[in-house]
Amino acid sequence: MPSVADIQITRPVLSEPPSLSARGQRSLVRPPLLRCSLFNCQYNACLNQAGLLNLGVAENSLCLDWLTEFFQSHFSLDYTDFTYGSALTGSLRLFAALRHFFDVYFNARTPVLPEHIIAGTGCSSILDALAAVLADPGDGILCARPHYNGFQPDFAYRNDVHVVGVDLPDGKEASPASLDAFEQKMAACTAAGQKISAILLCNPNNPLGFCYPRETLIAYCRFAEKHNLHLIVDEIYALSTYDSDHCDPQPFVSILSLDPLVDAGCNPSRIHCVYGPSKDFGVNGLRLGVLVSQANPDLHVAMEANALLMKISSASDVLWSNLLLDPVGLPTYLALNKARLGEAYRRATAFLQKHDIPYRPAHAGHFVWIDLSRYLPESDEEGTPLVGEAEREVELVKRFLAHGINLGRGVAYDGKPGFFRLTFTLRPEYFDTGIRRLEAALGLTGKVSDGCRRLITA
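FYI, in the working numbering the residues of the sequence shown are 1 to 458.
In structure tokens:
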């Protein structure tokens, strides 16, 4: 009888793993900084003081006390909420709430009806679905830069539709004359064989924090009509405006308040407005977003085909709808949020003035665009010289992460290296901890300037 040592165990040979699709392979490629665990080890004053404070993501935590109390006392489900609901693209309750909301706060020229709305699990889901029905793989979408760093993945990761950045005259980003740069880019794309299917506008602007005047919105509509394009307007920061040091703040004007045909000679079927509660209502985690397209039934039918893939949760629907329909709670919250946004902005700009850090005055959004170019290191931690501003910016970001903070870097917004988006809507005590870490990362601890504003005017 053979001994145990003589017994040969035949192990199965592991075959090569099955390959991913071409789309799956593309999704494996990410900039190294995006692989950092920005969300896996977050700062918590009680549980994880060594965690990372994210001053780069736009989350509004300023009114969590009010929102928590309201939602806990205004949450109830009925039978329909445990089913697939009363509509594939939202719910009758949400449609009613949004009609009133858009009428009052967006000054919608045409009432927003259920047949105009597609709801989804966040604005990213809406933009992803829009890309699939408005553009073909390889197409481009024009957008002024710097622009929100999520637009590129929203359009490109699954649909291979790419955001084409347009450089605008410095300080003239909100002017109708800025469309001259779009004309030049459109001509260059045509000459290069790049098909453009749409133009994308973020109003209020992310990351620059301003609102577009009515005449500029009209200019965008005219451009879309002239070049046979769709116009997508992301208005997710519509009600996140506040009093600030901006010398000439432009009030928010919604694309829904225009008559595209009368005002701009533009077919209204080209106009698509995207909105959600994540920013204005501080509820990124509820995952809600809506598309309002009031004159394009074919688009609505095409979007309905994918509606089940992004159907919203009944719980999220109930929470937001109840707040939108509350005649006392909604204006109370919006006034409180506006006041706290202003206070948080002033706290952030006081820090920037203290250290003579240039910034662009803002009056909308959760962030301020700052210039840290003079802090870009010439070499890495080992003394190896760095080549180019983009490489130096990456090194500065690494130093931020080493100090337990993250800021939105300029290159990620298709902007100039050395500029950063600083989010100021954290809980005040968290923001204060974050800027102390930023001071340490920049070597500013104990240093104070003359306190004068250094504004980015160009």
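Beta carbons are placed, not taken as given, at the ideal position from N, Cα and C, and that holds for glycine.
Rank LYS195, ALA344, CYS211 and GLY289 by C-alpha distance to the C-alpha of TYR430 and give the top, closest one.
Check the Cα spacing between TYR430 and each of LYS195, ALA344, CYS211 and GLY289: the tightest is with ALA344.
How long is the line joining the alpha carbons of GLU382 and ALA224, rounded to whole angstroms?
Their Cα atoms are separated by approximately 51 Å.
Same chain, Cβ closer than 8 Å to LEU308, five either side skipped, listed in chain order
Sequence-distant partners of LEU308 (beyond 5 residues in either direction) whose C-beta falls short of 8 Å from its own C-beta, in its chain, are LEU88.
Do the segment 205-223 and the segment 144-151 make contact, defined as three or more Cβ pairs closer than 8 Å?
As far as the Cβ criterion goes, the segment 205-223 touches the segment 144-151, which means the pair count is three or higher.
Looking only at its own chain, which residues have a Cβ that is under 7 Å from the Cβ of ASN107, when we skip the five neighbours before and after it?
Taken in chain order, the residues that qualify are SER254 and SER257.
Mind listing, in chain order, the continuous alpha helix (DSSP H) runs of no fewer than 4 residues lying wholly within the segment 176-239?
Within the segment 176-239, the runs of alpha helix (DSSP H) at least 4 residues long that lie entirely inside it are, in chain order, 179-192 and 214-226.
Alpha-carbon to alpha-carbon, GLN152 and LEU33:
In this prediction, LEU33 has a pLDDT of 49, which is less than 50 and means its spatial position is unreliable; what the coordinates show is noted afterwards. A straight line joining the alpha-carbon of LEU33 with that of GLN152 spans about 16 Å.
Whole angstroms is fine: what's the gap from ASP128's alpha carbon to THR10's?
Computed Cα separation, rounded: 49 Å.
Give me the DSSP bridge partner(s) of HIS162.
Paired residue(s): GLY140.
Bounding residues of the alpha helix (DSSP H) (the contiguous stretch that carries PHE431)
In the DSSP annotation of this structure, the continuous segment of the alpha helix (DSSP H) that includes PHE431 starts and ends at 428-442.
Thinking CYS143 and LEU77 are a contact (beta carbons under 8 Å), I'd like their distance in whole angstroms, please.
Separation of the CB atoms of CYS143 and LEU77 is rounded to 40 Å, and the pair is thereby denied contact status at 8 Å.
Find the nearest neighbour of GLY404 within the set THR121, THR425, ALA119 and ARG436, judged by alpha-carbon distance.
Closest option to GLY404, Cα to Cα, is ARG436.
Sub-8 Å separation of SER61 and ILE141 beta-carbons
Not in contact: SER61 and ILE141 (Cβ atoms no closer than 8 Å).
Considering just the uninterrupted stretch of the alpha helix (DSSP H) at TYR345, what are its terminal residues?
It spans 329-354 - the alpha helix (DSSP H) in which TYR345 sits, taken as one unbroken run.
Helix, strand or coil for HIS272, going by three-state DSSP, please let me know.
HIS272: strand per DSSP, three-state reduction.
Out of HIS363, ARG214 and VAL283, which has the shortest C-alpha to C-alpha gap to ASP248?
Ranking the options by Cα distance to ASP248, first place goes to HIS363.
Would you please state the rounded distance, in angstroms, between the beta carbons of PHE420 and LEU372? I believe it to be under 8 Å.
5 Å between Cβ atoms; contact.
Span of the alpha helix (DSSP H) around VAL318
It spans 314-324 - the alpha helix (DSSP H) in which VAL318 sits, taken as one unbroken run.
If you count every other CB in all the chains shown that lies within 10 Å of the CB of GLU183, and 16 or more means buried, which is it?
Exposed.
Per-residue burial, VAL301 [other beta carbons within 10 Å of its own, 16 or more giving buried]
Exposed: under 16 other Cβ atoms inside 10 Å.
If we ignore side chains and look at the alpha-carbon of each, how far apart do GLY193 and VAL274 end up?
Cα-Cα distance, rounded: 29 Å.
Give the DSSP-derived three-state secondary structure of LEU33 in the structure shown.
Reliability of the predicted coordinates at LEU33 is poor, the pLDDT of 49 falling under 50, and no value is obtained from them.
Close beta carbons around ALA458, own chain, < 8 Å, minus the five adjacent residues each side:
Its pLDDT being 45, under 50, ALA458 is placed unreliably in this model, and the coordinates cannot settle the point.
Using the three-state DSSP reduction, which class does GLN294 fall into: helix, strand or coil?
Residue state, collapsed to three classes: coil.
What's the call for THR445, buried or exposed, on a 16-neighbour Cβ count within 10 Å?
Result: exposed.
Do three or more CB pairs link the segment 100-118 to the segment 335-344 at distances below 8 Å?
Using a Cβ-Cβ distance cut-off of 8 Å, the segment 100-118 and the segment 335-344 are not in contact, since fewer than three pairs of beta carbons, one from each stretch, lie closer than that value.
Cβ-based neighbour list, PRO176, same chain, cut-off 7 Å, excluding 5 preceding and 5 following:
Apart from sequence neighbours up to five positions away, the residues of its chain that approach PRO176 with a beta-carbon distance below 7 Å are GLU215, THR216 and ALA219, ordered along the chain.
Contact between the segment 383-394 and the segment 274-290: three or more CB pairs below 8 Å?
Short answer: they don't touch.
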